[in-house]
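Just so we're aligned, residue 65 is where the sequence shown starts under the working numbering, counting upward by one.
All C-beta atoms, glycine included, are put in the ideal place defined by N, C-alpha and C.
Comments concern the structure below.
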Amino acid sequence: MPPPDLLAVPSEYEGPAVCPQLEGRPRAAQSRPREEALGFAVEVADFDLLVLGDCNPDVMVIGEQLEPMFGQAELLVDEARLVVGGSGSITACGAARLGLRTAFISVVGDDVFGRFMLDALARRGVDVSGCVVDRERPTGLSLVLLRRGGTDRAILTAPGTTASLTRDAVDPDLMAAARHVHVSSYFLQEALRPDLPSLFDAARAAGLTTSVDPNWDPANAWDGGLRELLPRSDVFLPNAAEATRIAGGEPPAAATALAADGPLVVVKLGEHGALAVLGNDVWSVAAPRVDAVDATGAGDSFDAGFLAGFLAGWSVPRAAAFGCACGALSTRALGGTEAQPTMEEALAGLEAAR
Ligand SMILES: Nc1ncnc2c1ncn2[C@@H]1O[C@H](COP(=O)(O)OP(=O)(O)O)[C@@H](O)[C@H]1O
Ligand SMILES: [Mg+2]
Numbered sequence: 065m066p067p068p069d070l071l072a073v074p075s076e077y078e079g080p081a082v083c084p085q086l087e088g089r090p091r092a093a094q095s096r097p098r099e100e101a102l103g104f105a106v107e108v109a110d111f112d113l114l115v116l117g118d119c120n121p122d123v124m125v126i127g128e129q130l131e132p133m134f135g136q137a138e139l140l141v142d143e144a145r146l147v148v149g150g151s152g153s154i155t156a157c158g159a160a161r162l163g164l165r166t167a168f169i170s171v172v173g174d175d176v177f178g179r180f181m182l183d184a185l186a187r188r189g190v191d192v193s194g195c196v197v198d199r200e201r202p203t204g205l206s207l208v209l210l211r212r213g214g215t216d217r218a219i220l221t222a223p224g225t226t227a228s229l230t231r232d233a234v235d236p237d238l239m240a241a242a243r244h245v246h247v248s249s250y251f252l253q254e255a256l257r258p259d260l261p262s263l264f265d266a267a268r269a270a271g272l273t274t275s276v277d278p279n280w281d282p283a284n285a286w287d288g289g290l291r292e293l294l295p296r297s298d299v300f301l302p303n304a305a306e307a308t309r310i311a312g313g314e315p316p317a318a319a320t321a322l323a324a325d326g327p328l329v330v331v332k333l334g335e336h337g338a339l340a341v342l343g344n345d346v347w348s349v350a351a352p353r354v355d356a357v358d359a360t361g362a363g364d365s366f367d368a369g370f371l372a373g374f375l376a377g378w379s380v381p382r383a384a385a386f387g388c389a390c391g392a393l394s395t396r397a398l399g400g401t402e403a404q405p406t407m408e409e410a411l412a413g414l415e416a417a418r
């Protein structure tokens, strides 16, 4: 049962309960009664959400003229900032900001960037006790070049520990204590990827639900065993370009093809909102209009919002519209996490989109 503050808001979005595919599935293991605290009978796990994913800072460089020139030429830009980056970290921060009890497992290096990230996540209320420090490799880092006044960006990434997460590093107790496990940046998770089908099988057997955000595939291969993972995923969360590259065709056809493998497929369409497909059912939802400053991580904030709705048992279109509100609101500031909405702000954003 969702927390009472979520239940208090009437659902105006028509559609079936968000996870009809969950009928008859076992409940999350190791949940414990909280009747006393809540005043009514309900069993909950320790965490709503466990995110497995990438954890690196972004160095945002903002200016008019950003093309670097070799020959040791020095260019002055308007500003540069070190911010929380990595899709997994941004999703975890977004979920915690919405009030979900969120745990995050990732690998960082034994360096200032790794410490910056773990500290920033912990300050935002994310449980990072399951994160692993790799003493051999540095923390990954992205250099994001953002043209002043536009939302397009160029990104240079040093993967560092980004691909180092392995199944062995996923604490089984932490997983058993969660209601849902989300994997971000599937294509970047090279060490974890081969073990994800069995990990998702184990998660589902323990009563958890599962989701994946593929994000971009820098290798441009767009498979890597994904088709084996989709039947074990309750939700698949690509953006339009990713859905098209994975399944071919325009987003609606790509989403339908991907949904044939079993999951609820939610395709993020930037300022146009999102498209959700479950079996033969299709929903389109709009994003609220915002003055976007920087869309870095919008899809990851969308994931946090969508999963909050999913875990609250909302209808598919309402959870998708809520994801849109969270994605859109996150674009109001530089970086992925600074403008992530609270539950109250996101619900107001949901109203504004209707
Ligand atoms: N310019 C924008 N205006 C309003 N909403 C936006 C804008 N950009 C992104 N969003 C919201 O964020 C979500 C994710 O953004 P998108 O760019 O599609 O994903 P990704 O970041 O994965 O590429 C969208 O579905 C939309 O709801
Ligand atoms: Mg994305």
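According to DSSP, what are the bridge partners of residue i?
i	result
threonine 274	Val245
glycine 173	Asp198
alanine 338	Lys332 and Val349
alanine 222	Leu205
threonine 166	Leu113
phenylalanine 300	Val276 and Val329
arginine 217	Leu210
aspartate 191	Ala167
Please classify residue i as buried or exposed, where buried requires at least 16 other C-beta atoms within 10 Å of its C-beta.
i	result
threonine 406	exposed
glycine 413	buried
arginine 418	exposed
serine 193	exposed
glycine 343	exposed
aspartate 142	exposed
glycine 135	exposed
arginine 188	buried
proline 90	Model confidence at proline 90 stands at a pLDDT of 47, short of 50, so the residue's coordinates are unreliable and nothing is read from them.
alanine 400	Going by the sequence as given, residue 400 is glycine instead of alanine. Buried, by the Cβ-count rule.
serine 248	buried
proline 315	buried
alanine 410	buried
In terms of residue numbering, what span does the beta strand (DSSP E) encompassing residue i cover?
i	result
glutamate 143	143-149
Counting contacts by CB-CB distance shorter than 9 Å, is residue i in contact with chain B?
i	result
histidine 246	Note that chain B does not occur in the displayed structure, where there is just one protein chain.
The alpha helix (DSSP H) with residue i in it runs from where to where?
i	result
arginine 309	304-311
aspartate 122	First-last for aspartate 122: 120-127, but that is the beta strand (DSSP E), not the alpha helix (DSSP H).
leucine 414	407-416
arginine 212	From DSSP, arginine 212 is part of no alpha helix (DSSP H); its letter is neither H nor E.
arginine 231	Where arginine 231 is concerned, there is no enclosing alpha helix (DSSP H), given that its DSSP letter is neither H nor E.
glycine 320	As written in the sequence, residue 320 is threonine, which differs from the glycine given in the question. Note, threonine 320: alpha helix (DSSP H), 315-323.
proline 282	Proline 282 -> no alpha helix (DSSP H), and no H or E assigned at all.
arginine 268	260-269
aspartate 237	236-240
leucine 293	290-293
So, do the stretch 361-375 and the stretch 152-160 have three or more beta carbon pairs nearer to each other than 8 Å? Judged by Cβ distances under 8 Å, the stretch 361-375 makes contact with the stretch 152-160, as three or more pairs qualify.
State whether the stretch 244-257 contacts the stretch 133-153, with contact taken as three or more CB pairs (one from each stretch) at a distance under 8 Å. Yes, the stretch 244-257 touches the stretch 133-153.
Using 8 Å as the cut-off, can you tell me whether the stretch 296-308 makes contact with the stretch 262-278, which would need three or more C-beta pairs spanning the two stretches below that distance? As far as the Cβ criterion goes, the stretch 296-308 touches the stretch 262-278, which means the pair count is three or higher.
Does the stretch 364-372 touch the stretch 219-230, meaning 3 or more C-beta pairs lie closer than 8 Å? Too few Cβ pairs lie closer than 8 Å, so no.
Determine, using beta-carbon pairs with one atom in the stretch 384-392 and one in the stretch 346-355, whether at least three such pairs fall under 8 Å. With the cut-off at 8 Å, the stretch 384-392 and the stretch 346-355 touch.
With a cut-off of 8 Å, do at least 3 Cβ pairs link the stretch 115-122 to the stretch 325-337? No contact exists between the stretch 115-122 and the stretch 325-337.
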